[in-house]
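Student: Have a look at this one.
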Amino acid sequence: MTNFTEELTAKMASKSGVVHIVEEDEYRLQTKCHQAAISQGYGCYRWTFTDGLVPISDDIKLEELELQQLAGLVDPVNGLLQAIKAWDKDPAVIVAYDLLTMVNRLPSLPAASRLIKDITEVMKQRDQQGQVQLVLCDAESPQLATPLQRMQMELPDRDEMNIIVDQILAALPEGLEAAIEEAAQNRDRILNSLAGLPAYQASNAISESIVRTGIVDASLLKDFKKELVSAKGITWIDADERGFDAIGGLTPLKNWLTMIYVAFNPEIASEYNLEPPKGVVVAGSPGSGKSALVRALGSSGVWDMPILKLDVGATRGKFQGQSEQGWNDAILACEAAAPAILWLDELEKGFEGAAASGETDGGTGARVLQSFLTWLQDRNQSGSDQTKSVFVYATANKPDRLPPEMLRAGRFDAQFWVDFPGKSERRGIIDVYCRKYDKAVDIDKDVLLKASRDCSGAEIEAAFRQAAISAMTAKLPMRTDDIKIALENVTRVKRTFKVEGALKAWKEAAQRANDPEEATVTTAPKVRRLSSLK
1 MTNFTEELTA
11 KMASKSGVVH
21 IVEEDEYRLQ
31 TKCHQAAISQ
41 GYGCYRWTFT
51 DGLVPISDDI
61 KLEELELQQL
71 AGLVDPVNGL
81 LQAIKAWDKD
91 PAVIVAYDLL
101 TMVNRLPSLP
111 AASRLIKDIT
121 EVMKQRDQQG
131 QVQLVLCDAE
141 SPQLATPLQR
151 MQMELPDRDE
161 MNIIVDQILA
171 ALPEGLEAAI
181 EEAAQNRDRI
191 LNSLAGLPAY
201 QASNAISESI
211 VRTGIVDASL
221 LKDFKKELVS
231 AKGITWIDAD
241 ERGFDAIGGL
251 TPLKNWLTMI
261 YVAFNPEIAS
271 EYNLEPPKGV
281 VVAGSPGSGK
291 SALVRALGSS
301 GVWDMPILKL
311 DVGATRGKFQ
321 GQSEQGWNDA
331 ILACEAAAPA
341 ILWLDELEKG
351 FEGAAASGET
361 DGGTGARVLQ
371 SFLTWLQDRN
381 QSGSDQTKSV
391 FVYATANKPD
401 RLPPEMLRAG
411 RFDAQFWVDF
421 PGKSERRGII
431 DVYCRKYDKA
441 VDIDKDVLLK
451 ASRDCSGAEI
461 EAAFRQAAIS
471 AMTAKLPMRT
481 DDIKIALENV
491 TRVKRTFKVE
501 GALKAWKEAA
511 QRANDPEEAT
521 VTTAPKVRRL
531 SSLK
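Structure representation (structure tokens):
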């Protein structure tokens, strides 16, 4: 997989002219642009509204008068355009910050699309494509009528993050030796906690942790990350450390997830020409355990991976390009935290009607859908970066409303239907909550099994919770009758959730996630850690 520096270098070599990048980390971008410029024998300049055009490369020496002329501070935008038009120096890369954003916001300046056309035309007329390469960097995606070559700078990988930690520790003053020792002992935990953060935010998190605690505290870094990524529509979900023991039933789905876990080990998978698992669609009735299962899947006793929940709607913006950028930012954060589980809850609500979105939102939904489909198809393929493996766990109540192309072969590994629990599964669910509530003593499970007929797992859980509240109020243990009464009073979704038409056809085509009633149910096998599979 080509990284950002390699791709930018290739564009410079091909004299591509103008490239647009949406990026907040200006220092890191400037460093990479400078590296690419040096590799091609180019000088490197930066341009801002406040400073105009300023050389970055140490070997560029300009007289003060010439520097002022290049800066064009009286009219920065026109100064940049005139500088490109009259360029007679060595080939150069110009990194222009916030040019398009500011032009769009200032009514006295020409529209951004007009400016881009003018700059492109100047380059063509002067045959300057090889002389000046313009990299436009904005912190947000501006609305543009003129299409631009867009690039995305990947988030720091584990190696780069390791260097960031080393640089901060090396600069610490005397008296903070404890921070260095702690970082050496818990380096893996620290890097795991920083995964998915931009470089400058990772640096801020480390510095804040040292100021507050005197060490690089992995738990504090993780909390810092959770807060930051929520702005990108992602929520870090805490795993249920009870693992699969927290879920009654669903043994076929548990067994399948246990089986495919082995394919995350590249050495074993490569022997069979297998790629890392891509994902699964788990659909079915509300409250049936779809969401509870993904929380158990990420636990240390099962897959031991971070769970990232993405709200597709939260990635959308009001301007053209912002929704696509929001989606790209979210995916970059997921890949930087990989291997990881990406949980897309109620997937149909995020993409229902997207194919026809041209009539309602200018095609934004269709473009985001296409970006998602491309990523679904291309991720975790042979030749891709295996450290960026993201397993998509998508849940849906109405999978028949999903765009058909989303479920095409090659985008997900399997599709499962979760039905309301049968007798054996309800017994397993009752066992789970009897273990959870210490005050539930001498419970007659057969009575509860009969009383829970037609209940979902969530409804059984709600009945136990209500019984616990009643027992707490009376300062008594939980009794069988308390739970039985709560079960009898619970509103059963099964009586209103209809499976018919296209939804029924989807259910019949999907694999069954529930335990067969006539079969002997065995406990899902324990997952062997990747370290033991080598």
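Just so we're aligned, residue 1 is where the sequence shown starts under full-length UniProt numbering, counting upward by one.
All residues carry an ideal CB built from backbone N, CA and C; glycine is no exception.
Where does leucine 476 sit, in a helix, a strand or coil, going by DSSP?
Tutor: In the structure shown, leucine 476 sits in coil (DSSP, three-state: anything other than H, G, I, E or B).
Student: Which partner residues of residue 536 appear in the DSSP bridge assignment?
Tutor: No answer is possible for residue 536: it lies beyond the span of the chain, which begins at 1 and ends at 534.
Student: Look up isoleucine 94 in the DSSP assignment and give the residues it is bridged to.
Tutor: Partner(s): Tyr45, Leu134.
Student: For threonine 395, which beta-bridge partners are listed by DSSP?
Tutor: For threonine 395, which the question treats as bridged, DSSP gives the partners Val282.
Student: Rounded to the nearest angstrom, how far is the Cβ of phenylalanine 497 from that of serine 207, given a contact under 8 Å?
Tutor: About 51 Å separates the two Cβ atoms, so there is no contact after all.
Student: By Cβ distance below 8 Å, which residues in the same chain neighbour valine 122 in space, the five residues on each side in sequence not counted?
Tutor: Counting only Cβ-Cβ distances below 8 Å, and skipping sequence neighbours, we find Leu81, Ile84, Lys85, Gln128.
Student: Provide the residue(s) that pair with histidine 20 in DSSP beta bridges, ordered along the chain.
Tutor: Histidine 20 pairs with Leu136, Arg150.
Student: Could you check what DSSP says for isoleucine 237 in three-state terms: helix, strand or coil?
Tutor: DSSP places isoleucine 237 in strand when its eight states are reduced to three.
Student: Which residue from Asp159, Glu181, Ala178, Tyr200 puts its Cα closest to that of asparagine 192?
Tutor: When each option's Cα is compared against that of asparagine 192, the closest is Asp159.
Student: Express the C-alpha separation of tryptophan 343 and phenylalanine 264 in angstroms, rounding to a whole number.
Tutor: The straight-line gap from Cα to Cα measures roughly 17 Å.
Student: Buried or exposed, going by whether 16 or more other CB atoms sit within 10 Å of the CB of methionine 478?
Tutor: Counting Cβ neighbours within 10 Å, methionine 478 comes out buried, since at least 16 surround it.
Student: Give a yes or no on whether 9 Å exceeds the smallest Cβ distance from arginine 242 to chain D.
Tutor: Considering every chain present, this structure includes no chain D. It has just one protein chain.
Student: Where do the ends of the beta strand (DSSP E) carrying valine 216 lie?
Tutor: Unbroken run through valine 216: none, as it is neither H nor E.
Student: Is the stretch 366 to 378 touching the stretch 406 to 420, taking contact as three or more C-beta pairs under 8 Å?
Tutor: Output reads yes: the stretch 406 to 420 touches the stretch 366 to 378.
Student: Give the range of the alpha helix (DSSP H) segment to which tryptophan 256 is assigned.
Tutor: Residues 251 to 261.
Student: Out of curiosity, what's the CA-to-CA distance linking methionine 472 and leucine 221?
Tutor: If I take the Cα positions, the gap works out to 37 Å.
Student: Suppose contacts are defined by Cβ-Cβ distances below 9 Å. Is threonine 395 in contact with valine 493 by that definition?
Tutor: Their beta carbons are not under 9 Å apart, which means threonine 395 does not touch valine 493 by this criterion.
Student: Bridge partners of leucine 308, per DSSP?
Tutor: The partner list for leucine 308 (beta bridge, DSSP) reads Trp236, Leu342.
Student: Let me check one thing: in DSSP terms, what residues is leucine 53 bridge-paired to?
Tutor: In the DSSP output, where bridge partners are listed per residue, leucine 53 has Trp47.
Student: Once DSSP output is grouped into helix, strand and coil, what is the label at alanine 195?
Tutor: Three-state DSSP puts alanine 195 in coil, outside helix and strand.
Student: Alpha carbon to alpha carbon, how far is lysine 89 from valine 392?
Tutor: In a straight line, the C-alpha of lysine 89 is about 50 Å away from that of valine 392.
Student: Assign leucine 476 to one of two classes, buried (16 or more other C-beta atoms within 10 Å of its C-beta) or exposed (fewer than that).
Tutor: Exposed.
Student: Drop a sphere of 10 angstroms on the beta-carbon of proline 516, count the other beta-carbons inside from all chains shown, and report buried for 16 or more, exposed for fewer.
Tutor: Proline 516 should be labelled exposed.
Student: Report yes or no: do the stretch 445 to 456 and the stretch 255 to 271 share at least 3 C-beta pairs separated by less than 8 Å?
Tutor: No, they do not touch.
Student: Using beta-carbon positions only, say whether alanine 432 and glycine 233 come within less than 9 Å of one another.
Tutor: Here residue 432 turns out to be valine, not alanine, going by the sequence shown. Not a contact, by the Cβ cut-off of 9 Å.
Student: Give the single residue among Ser299, Gly298, Val302, Gly326 whose Cα lies nearest to the Cα of aspartate 311.
Tutor: Of the listed residues, the one whose Cα sits closest to aspartate 311 is Gly326.
Student: Enumerate in chain order the residues of its own chain whose CB-to-CB distance from aspartate 482 is below 7 Å, with the five nearest sequence positions on each side excluded.
Tutor: Taken in chain order, the residues that qualify are Ala467, Ser470, Ala471.
Student: Could you check whether the stretch 162 to 170 touches the stretch 41 to 53, counting it as contact only if at least three pairs of C-beta atoms, one from each stretch, sit closer than 8 Å?
Tutor: No, because fewer than three Cβ pairs between the stretch 162 to 170 and the stretch 41 to 53 fall closer than 8 Å, the two stretches do not touch.
Student: How close, in whole Å, do the beta carbons of glutamate 425 and asparagine 514 come, if the pair is a contact with beta carbons under 8 Å?
Tutor: 6 Å between Cβ atoms; contact.
Student: Distance, Cα to Cα, alanine 139 vs valine 22?
Tutor: Rounded to the nearest angstrom, the two C-alpha atoms are 5 Å apart.
Student: Exposed or buried, glutamine 133, counting other C-beta atoms within 10 Å across all chains shown (16 or more means buried)?
Tutor: With 16 or more Cβ atoms within 10 Å of its Cβ, glutamine 133 is classed as buried.
Student: Tell me, please, which residues DSSP counts as bridged to phenylalanine 412.
Tutor: DSSP lists Ala409 as partners of phenylalanine 412.
Student: Which residue or residues does DSSP assign as beta-bridge partners of valine 390?
Tutor: DSSP, once it has assigned bridges, lists Ala340 as partnering valine 390.
Student: Quick check on this structure: which residue in Pro276, Pro306, Phe351 has the alpha carbon closest to the alpha carbon of glycine 410?
Tutor: When each option's Cα is compared against that of glycine 410, the closest is Pro276.
Student: Tell me the rounded alpha-carbon separation between histidine 20 and arginine 28.
Tutor: Roughly 16 Å between the two C-alpha positions.
Student: Quick one: what's got a C-beta closer than 7 Å to glycine 383's C-beta in the same chain, skipping five residues either side?
Tutor: Since pLDDT at glycine 383 reaches only 49, below the 50 mark, its modelled position is unreliable, and the value read off the structure follows with that caveat. For glycine 383, where only same-chain residues beyond five positions count, there are no Cβ hits under 7 Å.
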